[in-house]
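Asker: Numbering (the numbering used here), first residue to last: -8 to 242.
I have a structure here, written as structure tokens, and I will follow up with some questions on it.
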Ligand code: BTN
């Protein structure tokens, strides 16, 4: 049976709320909030979460496999978000490894349309749980755009001015999540890789990577069956990048 679906007016963070439930939370529990006081992004950044405009959703999913088998989960969630958007008739978004949902800057100003934060707990090779947090921009105010600290985009822009109905967007996201997480549990990331490749904004792009590995220049060459980023180096060799602590920029 599926976990509860809860809609709150205000939480510190939908992901923190599910973390606090721990073992008490059923598989596929989903929490939405109208606004978050302490919305969290990757690498300790905050996620601006004012009421009335956007979607803030977290889902708890348990896996028997242990998190050794969950590499690629956050990439799969990116594919799942794009499936939901396509279901709403919204095209034009793509994925930037590891898990940004972006609009490339050709037709519009471009920028980040949504963010995905996957937090794992439990055992490396035993029962574990993922709290999957998704923030999706439906309509950004000019003030919010400015505060975002990085180029941001919204569904209203992609849809030609009017954002999709927020309930429709939430329903599409939840349906895609439930179906997609079952697919991931059953078949792993490998079955998402063709879908990922079609939406991979880094493929063929000159890239600059920086972080734990030092600085690397190369060209995006897709992701492998486990979700690692492949980068083609000047000498033609391909490096696989696993680390989540890498910043990727288009050179
Ligand atoms: C990123 O840094 O790109 C990830 C942002 C993830 C934001 C979502 S909003 C719902 C959930 N609750 C949080 O506190 N964060 C995630």
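Positions of the beta carbon are idealized from the N, C-alpha and C atoms, including for glycine.
Fair warning: this is a prediction, and the values are worked out from it, not measured in the lab.
Thinking residue 4 and residue 31 are a contact (beta carbons under 8 Å), I'd like their distance in whole angstroms, please.
Answerer: Between residue 31 and residue 4 the Cβ distance is about 5 Å, and since that is below 8 Å, they are a contact.
Asker: Ignore the nearest five residues each way along the sequence and tell me which others in residue 224's own chain have a CB closer than 7 Å to its CB.
Answerer: Cβ neighbours of residue 224 beyond the five flanking positions: 209, 230.
Asker: Tell me which residues share the same chain as residue -3 and place their Cβ nearer than 6 Å to its Cβ, disregarding the 5 neighbours each side in the sequence.
Answerer: Hits under 6 Å: 22.
Asker: Can you confirm whether the segment 160 to 170 touches the segment 58 to 77 when touching is taken to mean that 3 or more C-beta pairs between the two stretches lie within less than 8 Å?
Answerer: A contact exists between the segment 58 to 77 and the segment 160 to 170.
Asker: Would you mind working out which of 228, 188, 181 sits nearest residue 245, comparing C-alpha positions?
Answerer: Residue 245 is absent from the model: the chain starts at -8 and stops at 242.
Asker: Is the segment 115 to 132 touching the segment 141 to 161 in the sense that three or more CB pairs, one from each, lie closer than 8 Å?
Answerer: Taking 8 Å as the limit for Cβ pairs, the verdict is that the segment 115 to 132 does touch the segment 141 to 161.
Asker: Residue 0: beta carbon under 7 Å from a heavy atom of the ligand BTN?
Answerer: No, the beta carbon of residue 0 sits no closer than 7 Å to any heavy atom of the ligand BTN.
Asker: May I ask you to check if the CB of residue 106 is nearer than 7 Å to at least one heavy atom of the ligand BTN?
Answerer: For the ligand BTN, at least one heavy atom lies less than 7 Å from the Cβ of residue 106.
Asker: Can you look up residue 47 in the DSSP assignment and give me helix, strand or coil?
Answerer: Three-state result, residue 47: strand.
Asker: Name the DSSP bridge partner or partners of residue 110?
Answerer: Residue 110 pairs with 122.
Asker: Report whether the distance from the Cβ of residue 174 to the nearest heavy atom of the ligand BTN is below 7 Å.
Answerer: No, the Cβ of residue 174 stays beyond 7 Å of every heavy atom of the ligand BTN.
Asker: Tell me the DSSP secondary structure of residue 215 in three-state form.
Answerer: Coil at residue 215, not helix or strand.
Asker: If I measure Cβ to Cβ from residue 125 and keep anything under 6 Å in the same chain, skipping five residues before and after, which residues do I get?
Answerer: Excluding sequence neighbours, residue 125 sits near 48, 107.
Asker: Between 201, 198, 207, 215, which has its C-alpha nearest residue 266's C-alpha?
Answerer: Past the edges of the chain, shown from -8 to 242, lies residue 266, and the structure says nothing about it.
Asker: Please report how far the alpha carbon of residue 87 lies from the alpha carbon of residue 64, in whole angstroms.
Answerer: Going by the C-alpha atoms only, they are around 14 Å apart.
Asker: Residue 5: beta carbon under 7 Å from a heavy atom of the ligand BTN?
Answerer: Checking the Cβ of residue 5 against the ligand BTN gives yes.
Asker: Would the C-beta of residue 38 count as close to the ligand ADP, meaning under 7 Å from any of its heavy atoms?
Answerer: With respect to small molecules bound, the structure shown includes the ligand BTN and not the ligand ADP.
Asker: Given this structure, state the Cα-to-Cα distance separating residue 43 from residue 152, to the nearest angstrom.
Answerer: Approximately 17 Å between the Cα atoms of the pair.
Asker: Using DSSP with H/G/I as helix, E/B as strand and the rest coil, what is residue 240?
Answerer: The answer is strand: DSSP assigns residue 240 an E or B state.
Asker: Take residue 240 as the anchor and find which of 93, 33, 200 has the nearest alpha-carbon.
Answerer: The shortest C-alpha separation from residue 240 is found at 200.
Asker: Comparing C-alpha positions only, which one of -6, 156, 136, 154 sits nearest to residue 13?
Answerer: That would be -6, whose Cα lies nearest to the Cα of residue 13.
Asker: Helix, strand or coil: which one does DSSP assign to residue 136?
Answerer: Helix, per DSSP.
Asker: Which same chain residues, not among the five before or five after residue 98, have their C-beta less than 8 Å away from its C-beta?
Answerer: Its pLDDT being 49, under 50, residue 98 is placed unreliably by the model, and the measurement read from it follows with that caveat. Result list for residue 98: 83, in chain order.
Asker: The ligand BTN and residue 125: does any heavy atom of the ligand fall closer than 7 Å to the residue's C-beta?
Answerer: The answer is yes for residue 125.
Asker: Nearest-angstrom Cα distance between residue 41 and residue 226?
Answerer: So the alpha carbons of these two residues sit roughly 48 Å apart.
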